[in-house]
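The structure appears right after this line, and notes come after that.
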Amino acid sequence: MRIALGVEYFGSPFHGWQSQAGGGTVQDALEAALAKIAGQPVATLCAGRTDAGVHATQQVVHFDAPVERPLTAWVRGVNTHLPDGVAVRWAQPVSDEFHARFSAHGRRYRYLLLNRPQRPGLWQGRVGWFHLPLDLAAMQDACSRLLGEHDFSAFRAAQCQAKSPVKLMIGASVRQHGAMFVFDFAASAFLHHMVRNLVGTLVHVGKGAQSPDWVDALLQMRDRTQAAPTFSPDGLYFRGPVYAPEWGLPEPADDFLDGLLT
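Numbering follows full-length UniProt numbering, with no gaps: position 63 of the sequence shown is 63.
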């Protein structure tokens with residue numbers, strides 16, 4: 001039986017999502033916990049791999065269960081064996097045709113940026129930080145230029161393995177709540193470091209180093225070296241993939257990012 005899981009995690013203690021020889025990743029922790037419940041190794045596939053320090057409010061994974069267990073075992077049982085900072089939110093049986101990555105037709109990210117002279121204390125590891133004042137209207141103007149289908153090579157990491165840099169940006173926005181700026185992005189797919197590179201460029205516009213139409217020029221130049229440096233992973237949250245309704249997978253019911261900032 002194929003099972004889909006919704007997983008949330010605080011990424012700072014981990015070396016990213018994807019399993020590696022030295023361990024220390026979210027996938028390593030999840031597969032070890034699943035193996036405890038299954039009594040044998042369990043391999044998972046995720047909707048979107050996240051880098052070291054990046055968080056997730058709804059990572060979706062699937063696995064083929066080698067044994068039959070109640071769904072509660074794949075949630076509460078697995079959570080018993082997971083380290084602090086990782087939790088399974090839900091488990092649901094899906095058809096064998098479902099694939100956490102390839103069945104998704106979109107993905108969503110949010111970046112939280114604390115904008116004040118002092119570095120974060122309480123929010124350390126959970127937000128990015130920039131010390132100079134930022135112009136919200138200029139960043140909103142720049143965001144609007146990202147919408148639509150573009151070649152995002154200027155925002156692509158050198159080690160990106162995506163077959164094409166062309167992606168459809170469905171949503172790109174920034175809003176302000178006091179000292180916190182909230183950037184939201186939704187696209188057909190994202191390139192490696194794309195969101196962090198976009199945030200770095202928008203901050204460059206916000207501090208007055210470039211005008212909003214610089215984004216148009218960067219999209220045309222398709223040259224990563226001409227854009228702003230990659231921003232910190234601390235404030236980046238993977239908010240989950242987007243699936244067709246027929247898969248019947250749950251949406252986050254109590255996204256704490258909305259609860260805190262609306």
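C-beta atoms are modelled at their ideal positions from N, C-alpha and C, and glycine is treated no differently. Remember, it's a predicted structure, so these values are computed and weren't measured experimentally.
Buried versus exposed call for residue i [16 or more other C-beta atoms within 10 Å across all chains shown]
{"i": "Thr25", "result": "buried"}
{"i": "Arg239", "result": "buried"}
{"i": "Thr262", "result": "Residue placement at Thr262 cannot be trusted, given a pLDDT of 49 that sits under 50; the coordinates are not used to answer."}
{"i": "Glu31", "result": "buried"}
{"i": "Gly53", "result": "buried"}
{"i": "Arg76", "result": "exposed"}
{"i": "Thr201", "result": "buried"}
{"i": "His150", "result": "buried"}
{"i": "Asp234", "result": "buried"}
{"i": "Gly11", "result": "buried"}
{"i": "Gly248", "result": "exposed"}
{"i": "Gly178", "result": "exposed"}
{"i": "Gln20", "result": "exposed"}
{"i": "Arg107", "result": "buried"}
{"i": "Gly121", "result": "exposed"}
C-beta atoms of residue i and residue j nearer than 8 Å
{"i": "Met194", "j": "Phe155", "result": "yes"}
{"i": "Phe231", "j": "Val199", "result": "yes"}
{"i": "Gly128", "j": "Leu147", "result": "no"}
{"i": "Val203", "j": "Ala228", "result": "yes"}
{"i": "Gln40", "j": "Gly6", "result": "no"}
{"i": "Ser153", "j": "Arg222", "result": "yes"}
{"i": "His55", "j": "Tyr9", "result": "yes"}
{"i": "residue 268", "j": "Arg145", "result": "Shown here, the chain extends from 1 to 262; a query on residue 268 therefore has no answer."}
{"i": "residue 296", "j": "Ala157", "result": "Given a span of 1 to 262 for the chain in the structure shown, any question on residue 296 remains unanswerable."}
{"i": "Val94", "j": "Val78", "result": "no"}
{"i": "Phe98", "j": "Ala4", "result": "yes"}
DSSP-derived helix/strand/coil call for residue i
{"i": "Ala91", "result": "strand"}
{"i": "Met169", "result": "strand"}
{"i": "Gln118", "result": "coil"}
{"i": "Ala73", "result": "helix"}
{"i": "Glu246", "result": "helix"}
{"i": "Trp214", "result": "helix"}
{"i": "residue 263", "result": "Outside the modelled stretch of the chain, which goes from 1 to 262, sits residue 263, for which no answer is possible."}
{"i": "Phe155", "result": "helix"}
{"i": "Val195", "result": "helix"}
According to DSSP, residues forming a beta bridge with residue i
{"i": "Pro241", "result": "Arg107"}
{"i": "Ile3", "result": "Phe63, Pro93"}
{"i": "Ala187", "result": "Arg107, Met169"}
{"i": "Val182", "result": "Leu112, Arg175"}
{"i": "Ala56", "result": "Tyr9, Phe238"}
Anticipated Cβ contact below 8 Å, residue i with residue j, distance rounded
{"i": "Ala138", "j": "Val205", "result": "5 Å"}
{"i": "Thr44", "j": "Phe63", "result": "5 Å"}
{"i": "Arg101", "j": "Cys160", "result": "No, Arg101 and Cys160 are not in contact; Cβ-Cβ is about 16 Å, not under 8 Å."}
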